[in-house]
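Below is one structure; the comments refer to it alone.
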Amino acid sequence: MRKARGNVTRKTAPDAAADAISKDRLRLWLRLLKATRLVSAELRDRLREGHATTLPRFDVMSALYRHEKGLRMSDLSSVLKVSNGNVTGIVSRLASEGYIVRVPVRGDRRATVVRLTKKGREHFAELAALHEGWVDELLGVLDPQETRIANDLLTRLDAVLEQRRAGKIDTAPADE
130 MRKARGNVTR KTAPDAAADA ISKDRLRLWL RLLKATRLVS AELRDRLREG HATTLPRFDV
190 MSALYRHEKG LRMSDLSSVL KVSNGNVTGI VSRLASEGYI VRVPVRGDRR ATVVRLTKKG
250 REHFAELAAL HEGWVDELLG VLDPQETRIA NDLLTRLDAV LEQRRAGKID TAPADE
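Residue numbering for the sequence shown follows our numbering, beginning at 130 and increasing consecutively.
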């Protein structure tokens with residue numbers, strides 16, 4: 130930056146270019162948030178209206194589906210990245226409906242493993258197939274090449290951000 134007459138700061142070409150890139154990145158972040166919110170809202174509506182369930186219930190069942198032997202409640206919370214309190218009510222309701230069973234952990238009276246019942250696995254498999262179709266429909270506005278490119282870019286971004294959060298790297302914006 131240089132000082133211009135009248136104490137007005139004028140940006141040099143490199144500063145202006147850096148500002149433009151910074152604004153583009155901010156817009157990208159806002160678009161990612163908006164797209165995520167819109168897709169989530171649509172999925173939430175479809176699960177609620179057509180199947181009397183919620184995204185959090187779907188997420189709990191999904192985590193347990195992937196861990197066939199079940200998870201301790203604390204591990205389930207970690208997998209879902211939510212507090213134990215958030216999961217407890219959902220697990221209780223799913224258990225009362227016969228989708229989940231609680232199994233005490235031997236040697237630890239306080240610990241419980243939760244896992245899907247046969248009914249729960251079958252129900253989730255049906256919901257998961259519908260969910261995949263809905264996501265395919267919603268993101269189907271992108272052609273296959275655009276989908277691969279977006280996936281590759283977001284995978285790269287995820288990896289760098291996870292390493293940064295773990296303190297493994299210090300990132301600086303990519304130069305243009």
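Yeah, the Cβ is synthetic: ideal placement off N, Cα and C, and Gly gets one too. Since we're looking at a predicted model, the values are computed, not measured.
Pair within 7 Å by beta-carbon distance, residue i and residue j
{"i": "Val234", "j": "Gly199", "result": "no"}
{"i": "Leu209", "j": "Ala192", "result": "yes"}
{"i": "Gly249", "j": "Ile229", "result": "yes"}
{"i": "Asn213", "j": "Ser206", "result": "yes"}
{"i": "Leu267", "j": "Val168", "result": "yes"}
Minimum C-alpha distance to residue i - residue among the options
{"i": "Thr246", "options": "Arg156, Val232, His180 and Ala170", "result": "Val232"}
{"i": "Arg239", "options": "Arg201, Glu251 and Ala258", "result": "Arg201"}
{"i": "Ala170", "options": "Leu157, Asp204, Trp158 and Pro185", "result": "Pro185"}
{"i": "Val359", "options": "Pro273, Phe187, Leu159 and Asp153", "result": "Since the displayed the chain opens at 130 and closes at 305, residue 359 lies outside it and no answer follows."}
{"i": "Gly227", "options": "Val264, Glu251 and Lys163", "result": "Glu251"}
For residue i, the first and last residue of its enclosing alpha helix (DSSP H)
{"i": "Arg293", "result": "Pro273 to Arg294"}
Within-7 Å CB hit, residue i to chain B
{"i": "Ser207", "result": "In the displayed structure, chain B is absent; only one protein chain is listed."}
First through last residue of the beta strand (DSSP E) which encompasses residue i
{"i": "Asp237", "result": "Asp237 to Leu245"}
{"i": "Val232", "result": "Ile229 to Val234"}
Which ranges does the beta strand (DSSP E) cover as unbroken runs of at least 3 residues, wholly within the stretch 140-173, from first to last along the chain? none
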